[in-house]
Amino acid sequence: MNTPVDGTTGTRWDELRAIVQIIIDIGTIFDSNGVDVHFLNRPPMLNVTDPRQVVESFSKRPQGFTPLTPALRGIFQSAASKLRGNKRLLVFVATDGEPTDNHGNVDVQSLENLMQHERQSNTMYVTFLACTDDQVSVDYLSRWDRTMINVDVMDDYKSEREEVRQAKGFNYPFSFGDYVVKALIGAVDPEMDALDERTNTNKRW
1 MNTPVDGTTG TRWDELRAIV QIIIDIGTIF DSNGVDVHFL NRPPMLNVTD
51 PRQVVESFSK RPQGFTPLTP ALRGIFQSAA SKLRGNKRLL VFVATDGEPT
101 DNHGNVDVQS LENLMQHERQ SNTMYVTFLA CTDDQVSVDY LSRWDRTMIN
151 VDVMDDYKSE REEVRQAKGF NYPFSFGDYV VKALIGAVDP EMDALDERTN
201 TNKRW
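So for the sequence shown, the numbering used here puts the first residue at 1; every next one is plus one.
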């Protein structure tokens, strides 16, 4: 996450922080109760209604293991008891590599089982924000993007724009505003999800 973004002076962590603040700002428009921000190795911030509340927390660089599976399981289980009627859950996951267990061992399979079998995919939408230049470490996300329903994967803006243009043509318009919209609804809207995909996916919407 501390890797510089190509062509800019900021890092992926800086870009992530900006995107999260935008998401919170827009999210509170649709949910007056605010949004919940969960960290893997520090306490969560619940019912955030002002993006400025997270600025200080994001000033601390990420460190430690990546126990993503238990963190997401807790979020899914908590939401399952609250989702009623047409209520939906939209989760944004920022990750810089492969998930680990509590001992630091890579464990992608447990996260895949959670996403495939424990997540209520018809009501729980997940967007992964890949914050790394190490493509190998996030190959599993690219596969999930093609095969899991109500799941989208986003790269940094410049990389995402390049992927969209490779799929749709060099002159295809894709502004930073479009990038934010895709981050917000890519997991919900099949057309937006498919912007950066050249071929048909194996998803079943």
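Note that CB positions come from ideal geometry on N, CA and C, so glycine has one too.
Pull up the distance between the alpha-carbon of residue i and that of residue j, whole angstroms please.
i: T49; j: S32; result: 7 Å
i: E197; j: V164; result: 7 Å
i: Q120; j: T147; result: 16 Å
i: A18; j: V181; result: 14 Å
i: Q77; j: M124; result: 11 Å
i: P43; j: R12; result: 22 Å
i: W205; j: P51; result: Caution is warranted here: a pLDDT of 47 is assigned to W205, below 50, making its placement in the model unreliable, and the coordinate value is therefore given only provisionally. Whole-angstrom Cα-Cα distance: 32 Å.
i: F58; j: Y179; result: 21 Å
i: D189; j: S110; result: 26 Å
i: E118; j: E15; result: 31 Å
i: N122; j: A187; result: 11 Å
i: M1; j: D134; result: At M1 the pLDDT is 49, less than 50, meaning the model places this residue with poor confidence; the figure from the coordinates comes in the next sentence. Between M1 and D134, the C-alpha separation is close to 10 Å.
i: P173; j: I185; result: 18 Å
i: P70; j: W144; result: 19 Å
i: S142; j: R84; result: 31 Å
i: Q63; j: K87; result: 34 Å
i: E191; j: N150; result: 12 Å
i: Q116; j: S175; result: 32 Å
i: N102; j: F170; result: 44 Å
Indicate whether residue i and residue j have their beta-carbon atoms separated by less than 8 Å.
i: I23; j: F65; result: no
i: E162; j: M154; result: no
i: T132; j: A183; result: no
i: L68; j: L89; result: no
i: D156; j: D193; result: no
i: V55; j: M45; result: no
i: V35; j: T28; result: yes
i: R73; j: L129; result: no
i: K158; j: L195; result: no
Kindly indicate the opening and closing residues of the alpha helix (DSSP H) around residue i.
i: T95; result: Careful: T95 lies outside any alpha helix (DSSP H), inside the beta strand (DSSP E) at L89 to T95.
i: N113; result: V108 to N113
i: V164; result: Y157 to K168
i: A183; result: F176 to I185
i: T147; result: D139 to T147
i: A194; result: Careful: A194 lies outside any alpha helix (DSSP H) and carries neither H nor E.
i: D14; result: R12 to F30
i: G74; result: L68 to A80
i: F65; result: F65 -> no alpha helix (DSSP H), and no H or E assigned at all.
i: E56; result: V55 to F58
What residue does the beta strand (DSSP E) around residue i start on, and which one ends it?
i: D152; result: V151 to M154
i: D36; result: V35 to V37
Determine which residues share a DSSP beta bridge with residue i and list them.
i: M124; result: L89
i: V48; result: V35
i: L129; result: A94 and M154
i: T100; result: V106
Return no unless some Cβ of chain B is closer than 8 Å to the Cβ of residue i.
i: V151; result: No chain B is part of this structure, which consists of one protein chain only.
Any chance the CB of residue i is under 7 Å from a heavy atom of the ligand MN?
i: M115; result: By its list of ligands, the structure shown contains no ligand whatsoever, and the ligand MN lies outside what it can speak to.
Discussion item. Contact between the stretch 93-113 and the stretch 136-155 is defined here as three or more beta-carbon pairs at a separation below 8 Å; is this criterion met?
Written reply: By the Cβ criterion, the stretch 93-113 is in contact with the stretch 136-155, since at least three pairs of Cβ atoms, one from each stretch, lie closer than 8 Å.
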